[in-house]
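J.: All the letters of the sequence shown, read from the start, carry residue numbers 5 to 260 under this note's numbering.
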Amino acid sequence: MARTADEIKGAVKEFYGERAVKASSCCGPEDVNDYKEKLYLLDDIKGMPETVASFGCGNPTAIAGLKTSETVLDLGSGAGLDCFLSAKAVGETGRVIGLDMTDEMLALANKNRDELGAKNVEFRKGEMESMPIDDGTVDVIISNCVINLSPDKDAVFRESHRVLKAGGRFHVSDVLLSRELTEAETNDLSLWAGCASGALLEDDYLARMKAAGFAEARIDSRSKIGSKPWFSATISAFKSADEGSCCGPTCCSLGS
Ligand SMILES: C[S@@+](CC[C@H](N)C(=O)[O-])C[C@H]1O[C@@H](n2cnc3c(N)ncnc32)[C@H](O)[C@@H]1O
Numbered sequence: 005m006a007r008t009a010d011e012i013k014g015a016v017k018e019f020y021g022e023r024a025v026k027a028s029s030c031c032g033p034e035d036v037n038d039y040k041e042k043l044y045l046l047d048d049i050k051g052m053p054e055t056v057a058s059f060g061c062g063n064p065t066a067i068a069g070l071k072t073s074e075t076v077l078d079l080g081s082g083a084g085l086d087c088f089l090s091a092k093a094v095g096e097t098g099r100v101i102g103l104d105m106t107d108e109m110l111a112l113a114n115k116n117r118d119e120l121g122a123k124n125v126e127f128r129k130g131e132m133e134s135m136p137i138d139d140g141t142v143d144v145i146i147s148n149c150v151i152n153l154s155p156d157k158d159a160v161f162r163e164s165h166r167v168l169k170a171g172g173r174f175h176v177s178d179v180l181l182s183r184e185l186t187e188a189e190t191n192d193l194s195l196w197a198g199c200a201s202g203a204l205l206e207d208d209y210l211a212r213m214k215a216a217g218f219a220e221a222r223i224d225s226r227s228k229i230g231s232k233p234w235f236s237a238t239i240s241a242f243k244s245a246d247e248g249s250c251c252g253p254t255c256c257s258l259g260s
């Protein structure tokens, strides 16, 4: 029988809650599977505390083209690494919101923020399927190996489109499939938490983004993960610059 959304979210919270506790207290990078040194330029992560672990599969800030004063939203911000890199890029006049649903991860991220003194970063508790973020307030959405974990990607893409400003950008790393998974693979909760069972085929991913309202959606790069039938990719999408210039069909027809 297919897994329910509650079962999947429960397994994901438990898995990342445990990893957050490990990363904040007892272990070195190998013990928490911290991939930081493989994914980021050493210069960029120099000076970060070891507790700023990476559980990601890419480096979305490298493709996001962040500019001074922008507002950035990181979906599933984990220990906060991509938020801290974004905070440097947008500067003191910019703002970064890290959204995560797991209490232990939020505690770790807040501890890391205080240690780094990253005043323009805020970690907010919430789910990316129903974001606690106002409409049209975000310039750039980033995310690192998180959207695959959602049992309702259509809601994630709809919410992403809603919170972006007109002309806003979406630049994420995520896991995609190179073939359909078997039923057993799809129902394996540890494979869900490990970022594989919930992954989509690339055409399906892009079609869902377009259905959510994005004007353009594309795969920027693909990296194999050994001989697995899934791979890590960077994906970009754009909200049309014309959206939001009108308040709805009535006012448009009145020409305002
Ligand atoms: C694979 S880790 C990636 C963390 C971080 N992006 C990084 O690169 O290190 C996934 C993170 O997403 C969070 N997460 C998973 N599903 C979520 C959801 N539906 N809404 C909000 N956060 C979620 C988890 O709590 C966890 O911190």
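Beta carbons are placed, not taken as given, at the ideal position from N, Cα and C, and that holds for glycine.
With C-beta atoms as the reference, is glycine 202 less than 8 Å away from proline 136?
T.: Taking the sequence shown and counting its residues from 1, one reaches residue 202 at position 198. Taking the sequence shown and counting its residues from 1, one reaches residue 136 at position 132. No, the Cβ-Cβ distance between glycine 202 and proline 136 is not below 8 Å.
J.: Considering threonine 190, what are the terminal residues of the beta strand (DSSP E) in which it resides?
T.: If you number the sequence shown from 1, residue 190 lands on position 186. No beta strand (DSSP E) contains threonine 190, which is instead part of the alpha helix (DSSP H) from 187-190.
J.: Taking contact to mean 3 or more Cβ pairs, one atom from each stretch, closer than 8 Å, check whether the segment 83-95 and the segment 162-173 are in contact.
T.: Too few Cβ pairs lie closer than 8 Å, so no.
J.: Closer than 7 Å by C-beta to threonine 254: which residues in its own chain qualify, once you throw out the five before and the five after it? Chain order, please.
T.: Counting from 1 along the sequence shown, the entry for residue 254 is found at position 250. For threonine 254, the pLDDT reaches just 45, beneath the cut-off of 50, and the residue's location in the model is therefore unreliable, although a value from the coordinates is still provided. Closer than 7 Å at Cβ, skipping near neighbours: no residue.
J.: When you measure from the CB of asparagine 148 to every non-hydrogen atom of ligand 1, does any distance come out below 7 Å?
T.: Here residue 148 is taken as the residue at index 144 of the sequence shown, counted from 1. Yes; taking the cut-off as 7 Å, the Cβ of asparagine 148 has a heavy atom of ligand 1 nearer than that.
J.: Of all the options Ala27, Glu22, Ala113, Asn63, which has the alpha carbon lying nearest to the alpha carbon of glutamate 41?
T.: As a first step, residue 41 must be located in the sequence shown, where it is residue number 37. Among Ala27, Glu22, Ala113, Asn63, the Cα nearest to that of glutamate 41 is on Asn63.
J.: Check whether the Cβ atoms of threonine 55 and alanine 27 sit closer than 8 Å, and answer yes or no.
T.: One-based indexing of the sequence shown puts residue 55 at position 51. One-based indexing of the sequence shown puts residue 27 at position 23. Cβ atoms of threonine 55 and alanine 27: closer than 8 Å.
J.: For serine 134 versus aspartate 104, is the C-beta spacing smaller than 8 Å?
T.: Translated into positions along the sequence shown, residue 134 becomes position 130. Translated into positions along the sequence shown, residue 104 becomes position 100. No; because the gap between Cβ atoms is not below 8 Å, this pair is not in contact.
J.: Beta carbon of phenylalanine 174: closer than 7 Å to some heavy atom of ligand 1?
T.: Your numbering for residue 174 matches position 170 in the sequence shown. Incorrect: phenylalanine 174 has no Cβ contact closer than 7 Å to ligand 1.
J.: In chain order, what are the residue ranges of uninterrupted alpha helix (DSSP H) at least 4 long that sit wholly in the segment 147-224?
T.: Runs found: 157-167, 187-190, 193-197, 206-215.
J.: Please state whether DSSP places alanine 113 in a helix, a strand or coil.
T.: What you label residue 113 is simply residue 109 of the sequence shown in a count that begins at 1. The answer is helix: DSSP assigns alanine 113 an H, G or I state.
J.: Hey, could you find the ends of the beta strand (DSSP E) arginine 99 is sitting in?
T.: The sequence position of residue 99 within the sequence shown is 95, counting from 1. Counting along the chain, the beta strand (DSSP E) containing arginine 99 begins and ends at 99-104.
J.: Starting from the C-beta of proline 53, find all residues in its chain whose C-beta is less than 7 Å away, skip the five residues before and the five after it, and write them out in chain order.
T.: Taking the sequence shown and counting its residues from 1, one reaches residue 53 at position 49. Taken in chain order, the residues that qualify are Asn116, Glu119.
J.: If you draw a straight line from the alpha carbon of lysine 17 to that of leucine 79, how long is it in whole angstroms?
T.: On the sequence shown, position 13 is the one that residue 17 refers to. On the sequence shown, position 75 is the one that residue 79 refers to. If you take the alpha carbons of lysine 17 and leucine 79, they lie about 14 Å apart.
J.: Using a threshold of 8 Å, state whether the C-beta atoms of isoleucine 145 and glutamate 126 are closer than that.
T.: Walking along the sequence shown from the start, residue 145 turns up at place 141. Walking along the sequence shown from the start, residue 126 turns up at place 122. Not a contact, by the Cβ cut-off of 8 Å.
J.: Check whether the segment 181-193 and the segment 212-220 are in contact - that is, three or more C-beta pairs closer than 8 Å.
T.: No, the segment 181-193 does not touch the segment 212-220.
J.: Just to confirm, is the Cβ distance from alanine 15 to leucine 193 under 8 Å?
T.: For this step, residue 15 is matched to residue 11 along the sequence shown. For this step, residue 193 is matched to residue 189 along the sequence shown. Contact: yes.
J.: I'd like to know whether the C-beta atoms of alanine 245 and histidine 175 end up nearer to each other than 8 Å.
T.: Counting from 1 along the sequence shown, the entry for residue 245 is found at position 241. Counting from 1 along the sequence shown, the entry for residue 175 is found at position 171. Not a contact, by the Cβ cut-off of 8 Å.
J.: So, for phenylalanine 19: in the same chain, excluding its five sequence neighbours on each side, which residues have a beta-carbon less than 7 Å away from its beta-carbon?
T.: Indexing the sequence shown from 1 puts residue 19 at position 15. The answer, listed in chain order, is Ala197.
J.: For ligand 1, is there a heavy atom less than 7 Å away from the beta-carbon of leucine 181?
T.: As a first step, residue 181 must be located in the sequence shown, where it is residue number 177. For ligand 1, not one heavy atom lies less than 7 Å from the Cβ of leucine 181.
J.: Roughly how many angstroms lie between the CA atoms of aspartate 138 and valine 167, to the nearest whole one?
T.: Numbered from 1 along the sequence shown, position 134 holds the residue referred to as residue 138. Numbered from 1 along the sequence shown, position 163 holds the residue referred to as residue 167. For aspartate 138 and valine 167, the distance between alpha carbons rounds to 6 Å.
J.: Using 8 Å for Cβ pairs, my map puts threonine 65 next to aspartate 86. What's the rounded Cβ distance?
T.: For the purposes of this step, residue 65 is identified with residue 61 of the sequence shown, where counting begins at 1. For the purposes of this step, residue 86 is identified with residue 82 of the sequence shown, where counting begins at 1. Contact flag correct, Cβ pair sits at about 6 Å.
J.: How about lysine 129 and leucine 110: are their beta carbons less than 8 Å apart?
T.: Within the sequence shown, residue 129 is the residue found at index 125, counting from 1. Within the sequence shown, residue 110 is the residue found at index 106, counting from 1. For lysine 129 and leucine 110, yes; Cβs fall inside 8 Å.
J.: Is any heavy atom of ligand 1 found at a distance shorter than 7 Å from the C-beta of lysine 232?
T.: For the purposes of this step, residue 232 is identified with residue 228 of the sequence shown, where counting begins at 1. No.
J.: Thinking just about the alpha-carbon of each residue, which of Ser231, Met5, Ser58, Glu247 is nearest to the one in arginine 23?
T.: Counted from its first residue, the sequence shown places residue 23 at position 19. Arginine 23 has its Cα closest to that of Ser58, out of Ser231, Met5, Ser58, Glu247.
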